[in-house]
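Comments concern the structure below.
2 protein chains.
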Amino acid sequence: MTADSSTSDRALPLRERKKLRTRRALADAALRLFTERGFEATTVEELVDAVEVSRSSFFRIFPAKEAAAIEAEAELWSACLAALDRRALSGLVLAELSDLLGEVVAGLGADWADRYVATRRLVLTSPALLAYAARHRAEVEQRLTDRLAGKLSLPPADLRPQVLAEVTTTAWRLAARPWVHGGGQGGLPALVERVGRAFQAIPASLELSAPERPADAEL
Amino acid sequence: MTADSSTSDRALPLRERKKLRTRRALADAALRLFTERGFEATTVEELVDAVEVSRSSFFRIFPAKEAAAIEAEAELWSACLAALDRRALSGLVLAELSDLLGEVVAGLGADWADRYVATRRLVLTSPALLAYAARHRAEVEQRLTDRLAGKLSLPPADLRPQVLAEVTTTAWRLAARPWVHGGGQGGLPALVERVGRAFQAIPASLELSAPERPADAEL
DNA sequence: ATCATATTGAGACTGAGTATCACTTGGCAA
DNA sequence: TTGCCAAGTGATACTCAGTCTCAATATGAT
């Protein structure tokens with residue numbers, strides 16, 4: 000549910016639909032052009048020419064050139080935050096978050112997987128995109144933290160919601176990185192599977208021990 | 000050990016010392032000017048005028064305006080990576096990382112605490128700085144991951160070094176945020192104390208449970 | 001002193017992001 | 001329909017970060 004959000008959500012103020020279509024057209028063109036020619040080598044001018052929109056309009060829709068490139072990533076996390084708002088938490092919070100992320104991923108649109116793979120590959124090619132994506136992650140974590148603390152009635156200074164938010168994005172990255180590396184093999188179901196395993200891997204990782212006499216690390 | 004790194008490391012190629020002094024002067028002026036006038040409101044021109052260096056030189060030393068602002072943060076993490084290179088790991092890796100971070104912090108220069116507090120407060124005021132700092136963190140994590148995997152002879156795809164690197168920077172942030180918020184009260188010893196407790200808080204946070212019937216989150 | 005080599009500074013140039021303003025277009029009431 | 005208002009669009013000018021090139025200057029070795 001709420002998983003459609005494709006080009007035309009029926010029963011939307013008609014004018015908004017056009018805006019959404021433009022936004023999506025810009026994001027798609029951005030992904031394509033930046034991938035073909037490189038992020039820094041493509042100017043915003045070229046991008047807006049391809050979509051036949053003015054430069055002014057671009058910056059009205061996206062706050063930065065980078066934002067158009069990571070639209071697919073942004074969609075994922077706003078879906079997660081929306082899902083968290085709808086959800087009542089009970090039991091192990093970490094397990095709830097794992098479920099939630101899995102459900103959100105499973106409900107994403109059909110074309111999302113390809114867009115996301117392209118996005119992540121693109122991000123790796125440009126320091127500016129890496130920075131922008133990293134900040135976006137930090138913002139998502141902040142919102143996750145706030146919502147978790149709110150739902151659990153914990154004070155903002157409590158470390159636990161912060162850790163759980165951090166762990167959530169970490170699990171996502173752990174799961175998504177190899178999936179993207181493999182070209183999105185297996186589609187969304189494979190990704191969901193990986194997300195579940197990434198969440199499980201985290202507590203286990205904290206127990207990792209080094210051998211008593213590591214051969215290569217002697218001073 | 001290697002904890003000095005103040006303006007003049009004796010027995011350094013004489014020419015390098017001057018470069019270091021310029022670098023440090025720029026970083027100090029950046030922190031001061033950006034704090035006084037705002038990051039976006041201060042131009043690189045004004046900054047280099049204050050230090051009597053050319054714009055060209057600035058960009059030879061720092062890759063971006065933002066880099067001069069987060070110099071104190073960068074110093075911390077390069078000290079950590081250097082310390083990790085020197086250290087032989089044995090036993091619980093998480094505990095080793097906690098120790099290591101504590102030792103590095105305890106060994107930082109006397110003026111570092113104030114510089115760091117100022118840096119973090121400044122970063123919070125500017126989206127551009129937030130993005131730059133977030134990317135810096137990601138780079139540090141990548142290097143931590145590589146070194147851990149190397150030292151432990153684990154394949155690069157193993158999730159555990161990635162989790163441990165992530166947890167290390169998370170613990171740092173958990174510890175530093177309230178410390179900075181309180182103006183660095185208690186100095187480095189207080190910070191070291193907080194780092195230790197942040198590392199301990201992480202496994203505990205993963206067990207957080209929600210009450211079975213949360214009153215405020217019903218749909 | 002002299003020569004090769006770094007390092008610096010000056011200036012021009014590109015392109016992102018912002019602000020302003022005139023213009024158009026969609027939505028709505030009479 | 002017609003006219004009106006508001007919201008959105010496009011053109012243009014401007015600032016400033018970051019790159020590049022080249023000349024000037026310092027540094028160090030012989």
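Respectively, the protein sequence lines represent chains A and B. Under numbering that gives the first Met the number 0, the first residue of the first sequence carries the number 0, and numbering increases by one thereafter. Under numbering that gives the first Met the number 0, the first residue of the second sequence carries the number 0, and numbering increases by one thereafter. Even glycine gets a Cβ: it sits at the ideal position worked out from N, Cα and C. None of these values were measured; they are calculated from a predicted model.
Alpha-carbon to alpha-carbon, residue j and residue i
i: leucine 91(A); j: aspartate 98(A); result: 11 Å
i: tyrosine 115(B); j: alanine 189(B); result: 14 Å
i: threonine 167(A); j: phenylalanine 198(A); result: 8 Å
i: proline 155(B); j: glutamate 44(B); result: 43 Å
i: arginine 172(B); j: arginine 14(A); result: 44 Å
i: glycine 181(A); j: glycine 185(B); result: 49 Å
i: arginine 219(A); j: histidine 135(B); result: With chain A covering 0 to 218 only, the question about residue 219(A) has no answer from this structure.
i: tyrosine 148(A); j: proline 160(A); result: The residue asked about is misnamed: residue 148(A) is alanine in this sequence, not tyrosine. Those two C-alpha atoms are separated by around 6 Å.
i: proline 126(B); j: leucine 207(A); result: 36 Å
i: proline 12(A); j: aspartate 84(A); result: 24 Å
i: glutamate 74(A); j: aspartate 110(A); result: 12 Å
i: isoleucine 60(B); j: arginine 36(A); result: 29 Å
i: leucine 93(A); j: aspartate 27(B); result: 42 Å
i: glycine 183(A); j: cysteine 79(A); result: 20 Å
i: serine 4(B); j: arginine 176(B); result: Reliability of the predicted coordinates at serine 4(B) is poor, the pLDDT of 38 falling under 50, and the value obtained from them is presented with this limitation in mind. The alpha-carbon atoms of serine 4(B) and arginine 176(B) are separated by roughly 25 Å.
i: alanine 66(A); j: aspartate 48(A); result: 18 Å
i: alanine 137(B); j: alanine 137(A); result: 11 Å
i: arginine 196(B); j: alanine 170(B); result: 9 Å
i: valine 143(B); j: serine 152(B); result: It should be pointed out that residue 143(B) corresponds to leucine in this sequence rather than to valine. Taking the straight line joining both Cα atoms gives about 14 Å.
i: glutamate 39(A); j: glutamate 211(B); result: 51 Å
i: glycine 101(A); j: lysine 17(B); result: 55 Å
Cutoff 8 Å; reference residue i; Cβ partners in own chain excluding five residues on either side
i: arginine 86(B); result: Glu95 and Leu99
i: alanine 63(B); result: Tyr131
i: alanine 225(A); result: The requested residue 225(A) does not occur in the structure, where chain A is confined to residues 0 to 218.
i: alanine 112(B); result: Gly183, Gly186, Leu187 and Leu190
i: valine 103(A); result: Leu75, Ala78, Cys79 and Ala82
i: phenylalanine 57(B); result: Leu25, Val43, Leu46, Val47 and Ala67
i: aspartate 157(A); result: Ala148
i: alanine 216(B); result: Per-residue confidence for alanine 216(B) stands at a pLDDT of 45, beneath the threshold of 50, marking its modelled position as unreliable; no derived number is given.
i: glutamine 141(A); result: Ala164
Other residues of its chain near residue i: CB distance less than 6 Å, five sequence neighbours each side excluded
i: phenylalanine 33(B); result: Thr41, Ala68 and Leu121
i: lysine 150(B); result: Leu88
i: valine 179(A); result: Val116 and Arg119
Proximity below 8 Å, CB of residue i to CB of residue j
i: leucine 25(B); j: leucine 46(B); result: yes
i: alanine 71(B); j: threonine 124(B); result: no
i: arginine 146(A); j: alanine 174(A); result: no
i: alanine 209(B); j: leucine 128(A); result: no
i: leucine 200(A); j: valine 162(B); result: The question names leucine, but residue 200(A) is alanine in the sequence shown. In this structure, valine 162(B) lies closer than 8 Å to alanine 200(A) by Cβ.
i: proline 202(B); j: leucine 205(A); result: yes
Cutoff 7 Å; reference residue i; Cβ partners in own chain excluding five residues on either side
i: valine 139(B); result: Trp76 and Thr168
Handout entry: the stretch 50-60 of chain A / the stretch 11-21 of chain A touching (three or more Cβ pairs under 8 Å)
Key = yes
Problem - chain B contacts from the stretch 75-96 of chain A (Cβ-Cβ distance under 8 Å) - result: Arg85, Arg86, Ala87, Leu88, Ser89, Gly90, Leu91, Val92, Leu93 and Glu95
Handout entry: Proximal residues, the stretch 124-141 of chain A versus chain B, C-beta separation under 8 Å
Key = Of all residues in the stretch 124-141 of chain A, Pro126, Leu129, Ala130, Tyr131, Ala133, Arg134, Arg136 and Ala137 have a Cβ within less than 8 Å of some Cβ in chain B.
Practice task
Could you run through the stretch 179-210 of chain B and flag, in chain order, every residue whose CB is less than 8 Å away from some CB of chain A?
Solution key: Ala197, Ala200, Ile201, Pro202, Ala203, Ser204, Leu205, Glu206, Leu207, Ser208, Ala209 and Pro210
Handout entry: Short-range partners of chain A found in the stretch 36-61 of chain B, where Cβ spacing is below 8 Å
Key = none
Handout entry: chain A contacts from the stretch 101-120 of chain B (Cβ-Cβ distance under 7 Å)
Key = none
Problem - chain B contacts made by the stretch 144-159 of chain A, where a contact means CB separation under 8 Å - result: Gly149, Lys150, Leu151, Ser152, Ala156, Leu158 and Arg159
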